[in-house]
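Protein chains in written order, with the working numbering: chain A, 8 to 351; chain B, 504 to 895. For every residue, glycine included, the Cβ atom is placed at its ideal position computed from N, Cα and C. All remarks here apply to the structure that follows.
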Amino acid sequence: MSKKPLHIKTPVRYLINALLFAALLFGGRVLIAGGGVSPFYVGIVTLAGINIILAVSLNMATGYLGQLPLGHAGFMAVGAYASAIFMTRSGLDPAVAMPFGLLIGGLVAAIFGVLIGIPALRLKGDYIAIITLGFGEIIRIVLLNIDEVLGFPFTYGAASLKGIPETSTFFNTFLLVGVTCFAIHTLMKSRHGRAILSIRENEIAADSCGVNLTYYKVMGFTVSAFFAGIAGSLYAGYLGILNPSNFSFMKSIEILVFVVLGGMGSMIGSVLSATVLTILPELLRQFAEWRMIVYALLLILVMVFKPSGLMGRFDFSMGRMLENIINVLTGRKTLKGKGGKTNG
Amino acid sequence: MKKIICIVLVVMMAAALFVGCTKDDKKGEETIKIGILGPHTGELAVYGLGVKNGATLYLDQVNAAGGINGKMIEIIAYDQRGDDAEAVNAFNRMVSEGITGLIGDVITSNTLAVVAKATPINMPMITASATAASVTVNADGSVNTNVFRTCFIDPFQGMKMAEFAGEVLDATSAAVLFETGNDYAIGLKDAFVAKCGETGIEVVGQESYAKGDKDFKAQLTNILAAGPDVVFLPNYYEDNGLIVTQAREIGLNAVMLGGDGWAGITDYASAEDLEGSFFCSAYAPGSTELVRDFEARFIAANGEDTLNMFAATGYDAAMLLVAAIRKAEKSGSAPASDEYKQAIIDAIRSEGAGVVGVTSEGGYTFDEFNNPIKDAVIMTITDGKEVFYRMF
Chain A
8 MSKKPLHIKT PVRYLINALL FAALLFGGRV LIAGGGVSPF YVGIVTLAGI NIILAVSLNM
68 ATGYLGQLPL GHAGFMAVGA YASAIFMTRS GLDPAVAMPF GLLIGGLVAA IFGVLIGIPA
128 LRLKGDYIAI ITLGFGEIIR IVLLNIDEVL GFPFTYGAAS LKGIPETSTF FNTFLLVGVT
188 CFAIHTLMKS RHGRAILSIR ENEIAADSCG VNLTYYKVMG FTVSAFFAGI AGSLYAGYLG
248 ILNPSNFSFM KSIEILVFVV LGGMGSMIGS VLSATVLTIL PELLRQFAEW RMIVYALLLI
308 LVMVFKPSGL MGRFDFSMGR MLENIINVLT GRKTLKGKGG KTNG
Chain B
504 MKKIICIVLV VMMAAALFVG CTKDDKKGEE TIKIGILGPH TGELAVYGLG VKNGATLYLD
564 QVNAAGGING KMIEIIAYDQ RGDDAEAVNA FNRMVSEGIT GLIGDVITSN TLAVVAKATP
624 INMPMITASA TAASVTVNAD GSVNTNVFRT CFIDPFQGMK MAEFAGEVLD ATSAAVLFET
684 GNDYAIGLKD AFVAKCGETG IEVVGQESYA KGDKDFKAQL TNILAAGPDV VFLPNYYEDN
744 GLIVTQAREI GLNAVMLGGD GWAGITDYAS AEDLEGSFFC SAYAPGSTEL VRDFEARFIA
804 ANGEDTLNMF AATGYDAAML LVAAIRKAEK SGSAPASDEY KQAIIDAIRS EGAGVVGVTS
864 EGGYTFDEFN NPIKDAVIMT ITDGKEVFYR MF
């Protein structure tokens, strides 16, 4: 007698995930509040959270939409400066101003996403890489040179924008990591997400099926820029100081490395590689120059042996794993026949 | 096969996360930990390594002589690749490892990021190379009392040259020709004019030019008519070379003075025109007995590659910090405690005057903004060569 395999319904899956995430979040918070973790580790973990948002948002444009933007640091910079200028000028209590600051950072970056997306996405492949690369550099140089606007200090340019309230904590950073992953995940499971994936697979086929290419490309690009702006705002609130030199071309490459190493099109891959590649160089700090060699070697090894990235296009699903465990334990299913490539 | 390699890689990456988590085994004796922070890799490495090697040279020397009050110095040197976020992470790590003072950071923007984290915990820090005024003074005018430096800020050179003109050259009148829109030149010019006002030198002419100008005769003719004893040129060497040549052509024979932007001017004007001009600098290789001794020991330990101004000011920063720690040791509190850090900060101010540094034989005293009042190196030009004249 073969029983029908158990299937956990989507709302239940979301509930399980949300509860687990909340447990992790509050667990971490209690641990930090207890004072058992030094500020050094808290700082690195917070930075890892910011990098996760950057990687996951770039994965949207690179992994799901199939484009190759090299200007992610530019969106991050726009978001960081927009939010920092708001936070320092609004006169509101930092705790009250923070959600608005984040939203402003995200929205301004999204506006730039639309502005650059419309002309850029008429191009394909290498050309999009070049044009976004140029955009990122333009942003950096403009930020460097609009230190004063009409006699009022604006970005302070090379002198650094100082005194930004340090609002990015472990808790609110990881809350936003959760929100970002959830938002992008649900978007990709929706009708719009399928349209975006179809563009990646084959533009001509997608077009012939009635997918509005320009609309969905710009949409994917804008969502990606929005979350990069959020990450930029968190970055500003983490450092408390902003200097355009931190948003150079190398920063964009660093984010792209997170995505490529983790596997383009895999959210769990982006999360893992952003975490590891942020924490690893910090922990290897006592080995001075050698740590950069470890970093480089890791990239080479992964690219040689697994060119599609560590996770390929695989995505982890808590619900599916639970299903499998329960099914195997109750004898509804044997160990063979693992889950496919669905986003879960 | 690929799957296995992939799994091995994932395990390796995960394992690496725990590498740093092992606790340092506690040593029996108490040490004093000093952090050295800067870019030791990347395009700024030559500055960061200069500071690191210079400071390490002095600290090793102190350890070889028995340490401070019987306690050895433990150096914690971390690289930050010139990135603000890395600088802050490395600094936080040093703090969690119990440093009692910091030598660093190296370039201004990184230093500002570290200052933002160091000031709330009152961590004594001495930068050997960050020249921006904003490192020690905030926009609202408050001073970061825990931050010091051993390099001088740009306007300081203007002040020094005004004093030099009055005390050594006995000048009673001066003129200035500067580039508008150049922060460096304007900073020097303002400080020079202000100091002239204080010391009774009459400023008979302030002329300016725009970036890219090649003809300065109109301004120089005005200066010639005013007849000053000295002319101060706070610009970069290329412009200064043209100005000096044209000044001599129209018969302006006053003594020409300048800041460290003059270094390299001998390729831009003739030896006769430049003869007898003076400019100031922070460090003159091979100038005095003290400097030659430092250079010989530095080369023996690190080679010549990183022997630069940053090595010299880094060496002085270590010397200043050690002098302050010696004083703080007398307070009896434990290293890295709050009282100890405050004692160091107080001692940097009180003990600095007795520190005979490589770049300041007259010691380091600090003004109300924690900027050093120290010797400058006065260079002169003889036979078309930049020659050490004296410390001033």
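Drop a sphere of 10 angstroms on the beta-carbon of residue i, count the other beta-carbons inside from all chains shown, and report buried for 16 or more, exposed for fewer.
i	result
residue 871/B	exposed
residue 590/B	buried
residue 134/A	exposed
residue 813/B	buried
residue 756/B	exposed
residue 528/B	With a pLDDT of only 44 at residue 528/B, under the threshold of 50, the placement of this residue in the model should not be trusted; the figure read from the coordinates follows. So residue 528/B counts as exposed.
residue 22/A	exposed
residue 721/B	exposed
residue 76/A	buried
residue 586/B	buried
residue 815/B	buried
residue 652/B	buried
residue 193/A	exposed
Which value, in whole angstroms, describes the spacing of the CA atoms of residue i and residue j?
i	j	result
residue 795/B	residue 628/B	27 Å
residue 140/A	residue 215/A	31 Å
residue 63/A	residue 121/A	19 Å
residue 540/B	residue 54/A	20 Å
residue 884/B	residue 891/B	9 Å
residue 697/B	residue 548/B	37 Å
residue 198/A	residue 262/A	28 Å
residue 680/B	residue 136/A	48 Å
residue 633/B	residue 843/B	25 Å
residue 357/A	residue 50/A	Limits of chain A in this structure are 8 at one end and 351 at the other, which puts residue 357/A out of reach.
residue 708/B	residue 149/A	37 Å
residue 692/B	residue 174/A	41 Å
residue 876/B	residue 545/B	32 Å
residue 655/B	residue 784/B	10 Å
residue 189/A	residue 610/B	40 Å
residue 247/A	residue 809/B	32 Å
residue 770/B	residue 889/B	11 Å
residue 319/A	residue 264/A	14 Å
residue 310/A	residue 59/A	20 Å
residue 272/A	residue 817/B	48 Å
residue 298/A	residue 291/A	6 Å
residue 180/A	residue 594/B	21 Å
residue 850/B	residue 645/B	21 Å
residue 861/B	residue 793/B	6 Å
residue 345/A	residue 328/A	Reliability of the predicted coordinates at residue 345/A is poor, the pLDDT of 44 falling under 50, and no value is obtained from them.
residue 128/A	residue 558/B	53 Å
residue 17/A	residue 258/A	37 Å
residue 221/A	residue 276/A	28 Å
residue 36/A	residue 132/A	43 Å
The ligand PLP and residue i: does any heavy atom of the ligand fall closer than 7 Å to the residue's C-beta?
i	result
residue 821/B	With respect to small molecules bound, the structure shown includes none, and the ligand PLP cannot be examined in it.
Excluding the five sequence neighbours on either side, which residues of its own chain have a C-beta within less than 6 Å of the C-beta of residue i, listed in chain order?
i	result
residue 81/A	142, 143, 146
residue 642/B	none
residue 526/B	Because the pLDDT at residue 526/B is just 44, under 50, the model does not fix this residue reliably, and the value given afterwards should be weighed accordingly. Counting only Cβ-Cβ distances below 6 Å, and skipping sequence neighbours, we find nothing.
residue 104/A	94, 97
residue 893/B	881
Excluding sequence positions up to five away, which residues of its chain have a Cβ less than 8 Å from the Cβ of residue i?
i	result
residue 747/B	736, 759, 768, 772, 776, 777, 780
residue 603/B	535, 536, 537, 627, 828, 838, 839, 843, 844, 847
Spatial neighbours of residue i within its chain, please: CB distance less than 7 Å, with the 5 preceding and 5 following residues excluded, ordered by chain position.
i	result
residue 739/B	764
residue 566/B	575, 576
residue 530/B	Here the model assigns residue 530/B a pLDDT of 49, short of 50, so the residue's position is not dependable and the matter cannot be decided.
residue 635/B	611
residue 67/A	191, 227, 230, 231
Touch check for the stretch 575 to 590 of chain B and the stretch 23 to 38 of chain A: three-plus C-beta pairs under 8 Å? In this structure the stretch 575 to 590 of chain B does not lie against the stretch 23 to 38 of chain A, because fewer than three pairs of beta carbons, one per stretch, are closer than 8 Å.
Taking only runs of the alpha helix (DSSP H) that begin and end inside the stretch 172 to 196 of chain A, which ones reach a length of at least 4 residues, in chain order? 177 to 196
Contained beta strand (DSSP E) runs [length at least 3] in the stretch 647 to 684 of chain B, N- to C-terminal order: 650 to 652, 676 to 682
Please give the ranges of any alpha helix (DSSP H) in the stretch 575 to 656 of chain B, keeping only runs that are unbroken, at least 4 residues long and fully inside the region. 587 to 599, 611 to 621
May I have a chain-ordered list of the alpha helix (DSSP H) segments no shorter than 4 residues that lie completely inside the stretch 8 to 41 of chain A? As far as the stretch 8 to 41 of chain A is concerned, its whole alpha helix (DSSP H) runs of at least 4 residues are 17 to 40.
For the stretch 553 to 567 of chain B against the stretch 301 to 314 of chain A, are there 3 or more C-beta pairs whose distance is under 8 Å? no
Ordered list of beta strand (DSSP E) runs contained in the stretch 797 to 849 of chain B, each at least 3 residues: none
Just checking, does the stretch 232 to 241 of chain A make contact with the stretch 109 to 116 of chain A on the three C-beta pairs under 8 Å criterion? yes
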